[in-house]
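Presented below is the structure to which this report refers.
2 protein chains.
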Amino acid sequence: MTNQTSGTPPRAATLTDVARLAGVSIATASKAINGRDQVKAETRLRVLEAAERLSFAPNALARGLLKGRTGTVGLLTSDLEGRFSIPVLMGAEDAFGAGRVSVFLCDARGDAIREQHHVRALLSRRVDGLIVVGSRTDPRPPLGAEVPVPVVYAYAPSEDPEDMSITADGVGAGRLAVEHLLSCGRRKIAHVSGDPAYKAAQDRATGAAAALEAAGLSLVGNQTYFGSWSEGWGRGAARMIVEQHPDVDGFFCGSDQIARGVLDALRELGRDVPGDASVIGFDNWEVLTTNARPQLTSVDMNLERVGRIAAQRLFAAIDGTRRPGIEELPCRVVTRESTAPIS
Amino acid sequence: MTNQTSGTPPRAATLTDVARLAGVSIATASKAINGRDQVKAETRLRVLEAAERLSFAPNALARGLLKGRTGTVGLLTSDLEGRFSIPVLMGAEDAFGAGRVSVFLCDARGDAIREQHHVRALLSRRVDGLIVVGSRTDPRPPLGAEVPVPVVYAYAPSEDPEDMSITADGVGAGRLAVEHLLSCGRRKIAHVSGDPAYKAAQDRATGAAAALEAAGLSLVGNQTYFGSWSEGWGRGAARMIVEQHPDVDGFFCGSDQIARGVLDALRELGRDVPGDASVIGFDNWEVLTTNARPQLTSVDMNLERVGRIAAQRLFAAIDGTRRPGIEELPCRVVTRESTAPIS
DNA sequence: ATACATTCAGAAAACCTTTTCGGCGAGTTT
DNA sequence: AAACTCGCCGAAAAGGTTTTCTGAATGTAT
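Here the protein sequences line up with chains A and B, keeping their order. So the first sequence is numbered by this note's numbering: it starts at 1 and just counts up by one. So the second sequence is numbered by this note's numbering: it starts at 1001 and just counts up by one.
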């Protein structure tokens, strides 16, 4: 009999069972198990043995009911599909797991109604706090004032500056990327980005322009080439730029997909990377960066860290230390073969 | 005042509050809210109004404690990193969300110790059931007989045939892929796969061989070309195969990454796809398939469906209807530009 | 007017744990 | 021997909900 349909008791062991088996009261059993004093060493041992024998696990519901804290949090994501939520979620899950907190996962799939529904369900389960994970860095409407527990917004900050938000520093990322290209000796740098409706795209462009200006330079073509976040756009943009500005020697791409397209186009145009031009991508998406030819340098937003910090802020808020405002975490450049000093 | 630090009561409304406001007993309030009879229509209305005013949400902990059912399940994944767990997880979350069940997410990161720890935590929270999601189709050791709630294994089946497992039909998938190539009129079909240590790789090879045999054919080179799941291997394998078997006209690839490599190599060798050869990938990973040139036909394992069905089976088991055994769900071919009848 | 059925509201128990407080017995002091 | 102190255990309450059962009030039949 390997499964639970057979003889095993359908009911999990309770403290009463343990106490009875150990021959003590439930009060004593509780104290023994929770390491309180007021209990003789020998008695404690008896209780612990009994608990072991019954594989007793204290009922977290009862405990939560009593203490007013459940040790659970809600993780509300707007789309699991996209690749940005997942790392944030992993970071948060990681941080909570270490703190004996369990995580409720809800996917609202970008639907406000569903989101409200999930919030209600989570509150009814008496979560101690909430993390709301978005898929873009554009600010989003807050959940509403009705929520009686602390809320932290991750990646997508809240529109309300009084809320707690953790996100990635897009402007800084743009600066970092360009500075990296500059440090490779590149001077004719083009910026191929995605949909200009994304705040992320605008921020990076701002940072890139700032870094160039600080070096007394400006973008090739005096503009950011906005388009879509796809390989196809990367290919098209690269061809166009090379034709119009044959002296281009650096590409800052808004995503790794775009960068893959740029790399492909450059190869087909007979331009060597990184010999003739350096290319840096964005997102540091392993499957794209390490399989590229050459392997792609990319900006990593440290999304797991965003998730971890969000978890920490939520912890603090639950303990009474609220720190309102938007916290922008720095990104980092992961260097691979596609960027190198001019040879 | 937009946040929860200010005036709002720190305590959520309770049934007692509602009852007091409505001027009835908590028993009556409970019955009114839960739609039981034994309550005059007019009274019910008063109670519901009061509940609304206080934005009352019944304490799920108390309810769970009382009824012995919490309406929660645990979703135990071995790695969130990999791209196979996520869709399964989404499917399950979807199915549960619709059934007013909340999901605890735990990532064991492939570590058995951490897994045990999470199982204990979940049992202590009195989940009604457990779904264990793996990242490979190789059977995995079961959780152990100690678990007093139903368990369903998803994607990675349990080694114990008495457990409930839902996975994808690898053999069938291999057959489907080859049949699709055959239906395009291809006769010289090569199979480029990944790490032969994966059961998935073996199963698909088995299915592919069977389908060819049924057509009186055999694989190009009379073997599956095993390697790694990477683009690099796809490129290398394609070059080798074209050299040794110039008449090859179909490639069944073990992953979309491999397929991308194959496509790249074929283009560089001057072979037109799908003119000279059809190429089919595996996993139907959007970012790879739709950005490929030409867009890549691929086998989709319907992983969301795997997750949904797992959730349904778990539901049934919780309600007492256990259905032991491994259930292999069919895959499907998603046709794009890279496969077409010989022109 | 009496016996009875019917409708609706409330009291109380149960779920399981934690914590406070009272009490009992043993050992110590004078 | 009396008065203490100290260490250890158990009774009981609290937390919020659901459900059963009792009881009160009203309406109906005789």
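From the three backbone atoms N, C-alpha and C, an ideal C-beta is built for every residue, glycine too. As the structure is a prediction and not an experimental result, all values here were calculated from the model.
Where residue i sits in the DSSP three-state scheme
i, result
"P9 (chain A)", "Because P9 (chain A) carries a pLDDT of 49, less than 50, the predicted location of this residue cannot be relied on, and the following value inherits that uncertainty. Coil, per DSSP."
"F1056 (chain B)", "coil"
"S1135 (chain B)", "coil"
"V1024 (chain B)", "coil"
"I326 (chain A)", "strand"
"S1343 (chain B)", "coil"
"R332 (chain A)", "strand"
"S124 (chain A)", "helix"
"G250 (chain A)", "strand"
"A154 (chain A)", "strand"
"Q312 (chain A)", "helix"
"G232 (chain A)", "helix"
"V1018 (chain B)", "helix"
"L1288 (chain B)", "helix"
"L1266 (chain B)", "helix"
"D107 (chain A)", "strand"
"N1003 (chain B)", "Residue placement at N1003 (chain B) is flagged as unreliable, the pLDDT there being 41, under the threshold of 50; the coordinate-derived value follows with that caveat. Of the three classes helix, strand and coil, the one that applies to N1003 (chain B) here is coil, per DSSP."
"G1074 (chain B)", "strand"
"T321 (chain A)", "coil"
"L130 (chain A)", "strand"
"F96 (chain A)", "helix"
"R271 (chain A)", "coil"
Burial state of residue i (16 or more Cβ within 10 Å)
i, result
"E1231 (chain B)", "buried"
"G99 (chain A)", "exposed"
"Q257 (chain A)", "buried"
"N291 (chain A)", "buried"
"S6 (chain A)", "With a pLDDT of 38 at S6 (chain A), under the threshold of 50, the modelled position of this residue cannot be trusted, and the question is left open."
"S278 (chain A)", "buried"
"A166 (chain A)", "It should be noted that the sequence gives Ile, not Ala, for residue 166 (chain A). With 16 or more other Cβ atoms within 10 Å, it is buried."
"R1235 (chain B)", "buried"
"L66 (chain A)", "exposed"
"R120 (chain A)", "exposed"
"N284 (chain A)", "buried"
"Q38 (chain A)", "exposed"
"M1001 (chain B)", "With a pLDDT of only 34 at M1001 (chain B), under 50, the local geometry of the prediction cannot be trusted, and no value is derived from it."
"S1102 (chain B)", "buried"
"T947 (chain B)", "Because chain B in this structure spans residues 1001 to 1343, residue 947 (chain B) falls outside the shown range and cannot be described."
"L123 (chain A)", "buried"
"D1319 (chain B)", "exposed"
"T1008 (chain B)", "Confidence at T1008 (chain B) is low in this model, with a pLDDT of 44, below 50, so the placement of that residue should be treated as unreliable; the coordinate-derived value is given next. Its Cβ having fewer than 16 others within 10 Å, T1008 (chain B) is exposed."
"S1381 (chain B)", "The shown model of chain B, from 1001 to 1343, leaves out residue 1381 (chain B), and the question about it has no answer."
Under 7 Å from the C-beta of residue i: neighbouring residues of chain B
i, result
"V262 (chain A)", "Those do not exist, as V262 (chain A) stays about 13 Å from chain B at its closest Cβ, beyond 7 Å."
"M90 (chain A)", "L1080, D1107"
Neighbouring residues, chain A, relative to residue i (Cβ below 8 Å)
i, result
"R1070 (chain B)", "The question names Arg, but residue 1070 (chain B) is Thr in the sequence shown. The contacting residues are L61."
"G1232 (chain B)", "N291"
"R1126 (chain B)", "A12, N59, A60, L61"
Amino acids of chain B, ordered along the chain, whose beta-carbon sits closer than 8 Å to that of residue i
i, result
"E146 (chain A)", "S1055"
"L347 (chain A)", "No information on residue 347 (chain A) is available, as it lies outside the stretch 1 to 343 that chain A covers here."
Cross-chain neighbours of residue i in chain A, by beta carbon under 7 Å
i, result
"G1064 (chain B)", "L61"
"R1120 (chain B)", "A57"
Under 9 Å from the C-beta of residue i: neighbouring residues of chain B
i, result
"Q257 (chain A)", "V1287, N1291"
Listed by chain order, chain A residues near residue i by CB distance under 9 Å
i, result
"I1086 (chain B)", "L80, E81, I86"
Practice prompt. Report the residues of the segment 1094-1112 of chain B with a CB closer than 8 Å to any CB of chain A, ordered along the chain.
Written response: Residues of the segment 1094-1112 of chain B that bring their beta carbon within less than 8 Å of a beta carbon in chain A comprise D1094, G1097, R1100, S1102, V1103, F1104, L1105, C1106, D1107, in sequence order.
Item to complete: Inspect the CB distances between the segment 1302-1314 of chain B and the segment 1071-1089 of chain B and report whether three or more fall short of 8 Å.
Response: Contact between the segment 1302-1314 of chain B and the segment 1071-1089 of chain B is present, with at least three C-beta pairs closer than 8 Å.
Fill in: Members of the segment 26-59 of chain A that neighbour chain B once the beta carbon cut-off is set at 7 Å
Taking 7 Å as the upper bound on Cβ-Cβ separation, chain B lies near residues S55, A57, P58, N59 of the segment 26-59 of chain A.
Practice prompt. Evaluate contact between the segment 56-72 of chain A and the segment 1056-1063 of chain B, counting only Cβ atoms and requiring at least three cross-stretch pairs below 8 Å.
Written response: Touching, per the Cβ criterion.
Worksheet item: With a cut-off of 8 Å, do at least 3 Cβ pairs link the segment 184-200 of chain A to the segment 211-220 of chain A?
Response: Taking a cut-off of 8 Å for Cβ pairs, the segment 184-200 of chain A and the segment 211-220 of chain A touch, as three or more such pairs fall below it.
Worksheet item: Touching or not, the segment 66-84 of chain A and the segment 27-41 of chain A, by the rule of three or more beta carbon pairs under 8 Å?
Response: Cβ pair count under 8 Å is below three, so no.
Worksheet item: Do the segment 1304-1322 of chain B and the segment 1140-1159 of chain B touch if we need at least three Cβ pairs shorter than 8 Å?
Response: At 8 Å Cβ cutoff, the stretches touch.
Practice prompt. May I ask you to list, following chain order, the residues of the segment 1182-1200 of chain B that have a beta carbon less than 8 Å from some beta carbon of chain A?
Written response: Of all residues in the segment 1182-1200 of chain B, none has a Cβ within less than 8 Å of some Cβ in chain A.
Discussion item. Three Cβ pairs or more, each shorter than 8 Å: is that satisfied between the segment 1132-1151 of chain B and the segment 1250-1267 of chain B?
Written reply: Touching, no.
Item to complete: Please determine if the segment 172-188 of chain A and the segment 318-334 of chain A are in contact, where contact requires at least 3 C-beta pairs separated by less than 8 Å.
Response: Enough Cβ pairs lie closer than 8 Å, so yes.
Item to complete: Could you run through the segment 1288-1320 of chain B and flag, in chain order, every residue whose CB is less than 7 Å away from some CB of chain A?
Response: Listed by position along the chain: N1291.
Discussion item. Across the segment 241-255 of chain A and the segment 1240-1251 of chain B, are there enough close Cβ pairs to call them in contact, namely three or more that are closer than 8 Å?
Written reply: Judged by Cβ distances under 8 Å, the segment 241-255 of chain A makes no contact with the segment 1240-1251 of chain B, as fewer than three pairs qualify.
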